[in-house]
Amino acid sequence: MRNVKNTEQLIPVFANQLQFVRIFRQVLQEKHLEVQERKLIILIATDGIPTNNSGQQDIKTFEHALRHERNPINRIPVVIIACTDDTEFIG
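Counting in our numbering, the final residue of the sequence shown is number 115, and the numbers go up one at a time with none missing.
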């Protein structure tokens, strides 16, 4: 989701499974030309594990996209923000 102005806009986003890789690749494609002129920082706020088109957990494909599909990698930093109230994961 782009251009978030308030937290209310995020409620429906966290209610569904996100297809991390599809969205990540879409952003990279849309911003490909801009990255040649300036850095692009991608912020990913999530409450779950990456999934594929079938809704199955798929960390390896997302990891591959992070490592190999950012071009040039030094101009596209990625920040992953884990959003949870699960005390097991809160430090």
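Each residue gets a CB set at the ideal place from its N, CA and C atoms; glycine is no exception.
I'd like to confirm the pairing. Which residues does DSSP put opposite residue i in its beta bridges?
i           : result
residue 106 : 70
residue 75  : 81
Using CA coordinates, which residue listed in the options is at the minimum distance from residue i?
i           : options           : result
residue 65  : 55, 36 and 71     : 55
residue 83  : 27, 46, 35 and 31 : 46
residue 76  : 107, 99 and 85    : 85
residue 116 : 96, 69, 36 and 49 : Residue 116 lies beyond the range of the chain shown here (25 to 115); nothing can be said about it.
residue 35  : 88, 71 and 78     : 71
residue 99  : 88, 50, 57 and 74 : 57
residue 79  : 92, 27 and 44     : 44
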